[in-house]
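Undergrad: Residue numbers (my numbering): 628 to 754.
Positions of the beta carbon are idealized from the N, C-alpha and C atoms, including for glycine.
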């Protein structure tokens, strides 16, 4: 499983289904990999973010892409790692036992081809 903590501000690439082709390509090359986009949101935005995530999930229509939303007023506004260990643009690859096998920070919200190749190489090591 690959956990991904994208940038979720209004207008961010993560909200646009057409920007997800790189993730689709990675999943096509890694047949057992599941991608989970993790959103940490303050309680004031929880219901609107839930609706937006449901719409995005329906638009993506991919059986191995899902979302997990955590509501935390303290964590949502901390992208330093001091209070919130779930830093935006971070990717975490877990093995089948839930053990972290790779952790990295993407340069941008969506991964570059080189970053996808690195993730694929790390995924192959789990094999």
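What would DSSP say about residue 688, mapped onto helix, strand or coil?
TA: For the purposes of this step, residue 688 is taken as the residue at position 61 of the chain shown. Note: residue 688 maps to coil in three-state DSSP.
Undergrad: By Cβ distance below 6 Å, which residues in the same chain neighbour residue 731 in space, the five residues on each side in sequence not counted?
TA: Stepping through the chain shown from its first residue, residue 731 is reached at position 104. Counting only Cβ-Cβ distances below 6 Å, and skipping sequence neighbours, we find 718.
Undergrad: Below 7 Å, is the gap between the Cβ of residue 686 and the nearest heavy atom of the ligand FAD?
TA: This structure lacks the ligand FAD; in fact it carries no ligand of any kind.
Undergrad: State the DSSP-derived secondary structure class of residue 680, mapped to helix, strand or coil.
TA: Here residue 680 refers to the residue found at position 53 when the chain shown is read from its first residue. Residue state, collapsed to three classes: helix.
Undergrad: Going by beta carbon distance, what residues of the same chain come within less than 7 Å of residue 699, once the five residues before and after it are set aside?
TA: As a working note, residue 699 is residue 72 in the chain shown. Closer than 7 Å at Cβ, skipping near neighbours: 667.
Undergrad: Classify residue 647: buried if its beta carbon has 16 or more other beta carbons within 10 angstroms, exposed otherwise.
TA: Against the chain shown, residue 647 aligns to sequence position 20. Buried.
Undergrad: Taking 8 Å as the cut-off, decide whether the C-beta atoms of residue 696 and residue 680 are in contact.
TA: On the chain shown, residue 696 is found 69 positions in, with the first residue counted as 1. On the chain shown, residue 680 is found 53 positions in, with the first residue counted as 1. Contact flag set, yes.
Undergrad: With DSSP as the reference, identify every bridge partner of residue 694, one or two as the case may be.
TA: As a first step, residue 694 is located in the chain shown; it is residue number 67 there, counting from the start. 664.
Undergrad: Which of the three DSSP states, helix, strand or coil, is assigned to residue 746?
TA: Taking the first residue of the chain shown as position 1, residue 746 is located at position 119. Helix at residue 746.
Undergrad: Residue 730 by DSSP, collapsed to three states: which one?
TA: As a working note, residue 730 is residue 103 in the chain shown. If DSSP states are grouped into helix, strand and coil, residue 730 belongs with the strands.
Undergrad: According to DSSP, is residue 717 helix, strand or coil?
TA: Residue mapping note: residue 717 aligns to position 90 of the chain shown, counting from 1. Strand, per DSSP.
Undergrad: Just to check my reading of the structure: residue 662 and residue 685 have Cβ atoms closer than 8 Å, yes? What is that Cβ distance to the nearest angstrom?
TA: Counted from its first residue, the chain shown places residue 662 at position 35. Counted from its first residue, the chain shown places residue 685 at position 58. The pair is not a contact, with the Cβ atoms about 16 Å apart (cut-off 8 Å).
Undergrad: According to DSSP, is residue 654 part of a helix, a strand, or is it coil?
TA: Counting from 1 along the chain shown, the entry for residue 654 is found at position 27. Residue state, collapsed to three classes: helix.
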